[in-house]
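Numbering (my numbering), first residue to last: 116 to 680.
Just so you know, even glycine gets a beta-carbon here, dropped at the ideal spot from N, CA and C.
Being a predicted model, the structure only gives us computed values, none of them experimental.
Remarks on the structure that follows.
This is the structure we're talking about:
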């Protein structure tokens, strides 16, 4: 951070060396940099208050250092190791960094004016603050230095090996990838591939109960991830849970697009994947009605497909479940900062040009999502992998997180423009998909809507907004935690909590929450009871997967899920 001018320095004394996280910030320079973004400004009285508070705290910290008083241990896990408190210099450096970080963050938060410009400033400042932590630099990290001394440099040698391996791979390793294999110890629920086309494989799972509900159950996962987030390990598998509850369960497993798929459009994917999957499930089971679930983007895709069918006079679902799904894109959380007309036009020119379509690489998507939580998903591994030479531990969710998928450029660009930028999906008849006007309100089915309270990708209020668009009987349940951990919260673990309220859904999400009741444990039980009420009577479980027309092609999890980006 830039050094303060002399008139704003702490009391006359030698200033600390200029290095990341150490020097005192220059408020004038920082303010000028922030206000270069059009449409935002910082009121002089707000700046003055920030300056005064900063100088008071800096003076206390600096005087304590001069008197050789050890600063209090920072309440930050980056500086929790004993080595940070064993030398006054390291403790002072950590405390000064945190002071600088708080001040710059407060300055960004105090900006007034254009909301999107302010959000972009806040995001950029947070990225800078997180990147400049002294823990991220070997020369400033006493824990890494002590480890290097204790191992006679072996930790640094291993760190360089990890760095070289990750440079060759093109991404930071977040887990021990050799510890997992799709079909061996993740995505292990037994079943068969019973259909495939260019877009997806359809998996049907072997029953785990003597009887099953008469109406089959189809899950549509997001197309930007592998489906097995819903089937990581037997103890945290939503798919296995559904099978155990007596549902004849099918899952759409997306193909990982390669160069030959770069031309796919939104319409082609809707027709070729969810619409086809619904028809095939009906053919295999002989059921006119099915239950369907969409997760994240999969929910957006599924709801669009059902609106297309409604326009054709078809209503094939007995119930619809939407997990952390956006249908109304008025509030897209932190992702909104990446989307404006200029950025969408750039994507359309580079990825969506019909004459030269291209893929949105999975690595780019993965990097974007990682930097939404940089301390947890980037710098934590920079320090552990490279500065300390530690191999990351085996963690199934992070293995899935690193198993990225590509997207066809034209499909992605359509989605980006018509949902995130122009928010047209919620407008009845505004969009035409597969030759049909889209009206989400025409979907005739009871709906279970789930949101996660700490979700930074689909804010829970945005998930709740679907209750205002769908006209069937609707039930909203709010779970604790974030976008993934909130969903993958097994009922058997008894972790976290969830909120339930009346089935009356006011327009204001916070008004719903004000009258809701918090209950301990997972939301899975609430959903299971609701789904059973729409799944029909119990019938003998099928002895095999598929049908005469759709015979099993290969064992689950199939081959598409194993394709790498």
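Would you call the CB atoms of residue 248 and residue 212 closer than 8 Å? yes
Using the Cα positions of residue 609 and residue 635, report the straight-line distance between them to the nearest angstrom. 7 Å
Any chance the CB of residue 206 is under 7 Å from a heavy atom of the ligand GTP? What this structure holds is no ligand at all, so the ligand GTP is not there to describe.
Cβ neighbours of residue 632 in the same chain (closer than 8 Å, five flanking residues each side left out): 614, 615, 616
Beta-carbon proximity of residue 319 to residue 399, cut-off 8 Å: yes
Per DSSP, cross-strand counterpart(s) of residue 332: 364, 406
Assess contact between the stretch 512-527 and the stretch 545-555, defined as three or more Cβ pairs (one per stretch) separated by less than 8 Å. Is contact present? no
What's the C-alpha gap between residue 680 and residue 207? 45 Å
Reduced DSSP secondary structure (H/G/I, E/B, other) of residue 593: strand
Residues bridged to residue 614 (per DSSP): In DSSP, residue 614 forms a bridge with 593, 633.
For residue 417, which residues in the same chain have their Cβ closer than 7 Å to its Cβ, ignoring the five residues on either side in sequence? 335, 389, 407, 409
Report buried or exposed for residue 282, applying the criterion of at least 16 other Cβ atoms within 10 angstroms of its Cβ. exposed
Hey, which unbroken runs of the alpha helix (DSSP H) at 4 residues or more fall wholly within the stretch 498-581? Listed in chain order, they are 511-517, 524-530, 575-579.
Classify residue 469 as buried or exposed, calling it buried when 16 or more other Cβ atoms lie within 10 Å of its own Cβ. exposed
Alpha carbons only, please: which of 348, 183, 329 is nearest the one belonging to residue 402? 329
Buried versus exposed call for residue 137 [16 or more other C-beta atoms within 10 Å across all chains shown]: Note that residue 137 scores a pLDDT of 48, beneath 50, so its modelled location is shaky; the value from the coordinates is reported in the next line. Its Cβ being crowded by 16 or more others within 10 Å, residue 137 is buried.
Would you identify the three-state DSSP class for residue 166, choosing helix, strand or coil? helix
Helix, strand or coil for residue 291? Go by DSSP, reduced to three states. coil
Reduced DSSP secondary structure (H/G/I, E/B, other) of residue 418: Three-state result, residue 418: helix.
Once you ignore the five residues that flank residue 572 on each side, which residues in its own chain have a CB closer than 7 Å to its CB? 448, 450, 598
Three or more C-beta pairs below 8 Å linking the stretch 455-471 and the stretch 565-583: no
Within 10 angstroms of the Cβ of residue 174, are there 16 or more other Cβ atoms? Answer buried if so, exposed if not. Exposed, since its Cβ has fewer than 16 Cβ neighbours within 10 Å.
Run through DSSP, which three-state label would residue 377 get? coil
Under a Cβ-count criterion, where at least 16 other Cβ atoms within 10 Å of its own Cβ denotes burial, should residue 262 be classed as buried or exposed? With 16 or more Cβ atoms within 10 Å of its Cβ, residue 262 is classed as buried.
For chain B, check one thing: does any of its Cβ atoms lie closer than 8 Å to the Cβ of residue 183? Considering every chain present, this structure includes no chain B. It has just one protein chain.
Around the Cβ of residue 445, are there at least 16 other Cβ atoms within 10 angstroms (buried) or fewer (exposed)? exposed
Look at the alpha carbon of residue 514 and the alpha carbon of residue 535, and state the distance between them as a whole number of angstroms. Rounded to the nearest angstrom, the two C-alpha atoms are 28 Å apart.
Would you call the stretch 538-548 in contact with the stretch 585-594, where contact means no fewer than 3 C-beta pairs closer than 8 Å? no
Taking residue 654 as part of the beta strand (DSSP E), name the residues at either end of that continuous run. Here the beta strand (DSSP E) through residue 654 covers 653-655.
Could you tell me how far apart the beta carbons of residue 309 and residue 533 are, in whole angstroms, since I believe they sit closer than 8 Å? Contact between residue 309 and residue 533 is ruled out by a C-beta separation of about 32 Å, above the 8 Å threshold.
Looking only at its own chain, which residues have a Cβ that is under 7 Å from the Cβ of residue 670, when we skip the five neighbours before and after it? 307
Just to confirm the assignment, what range does the beta strand (DSSP E) spanning residue 438 have? 432-438
With DSSP as the reference, identify every bridge partner of residue 369, one or two as the case may be. 315
Please report the distance separating the alpha-carbon of residue 369 from that of residue 440. The alpha-carbon atoms of residue 369 and residue 440 are separated by roughly 18 Å.
CA-CA distance, residue 603 and residue 349? 12 Å
Considering residue 274, what are the terminal residues of the alpha helix (DSSP H) in which it resides? Looking at the DSSP string, the run of the alpha helix (DSSP H) that includes residue 274 is 269-284.
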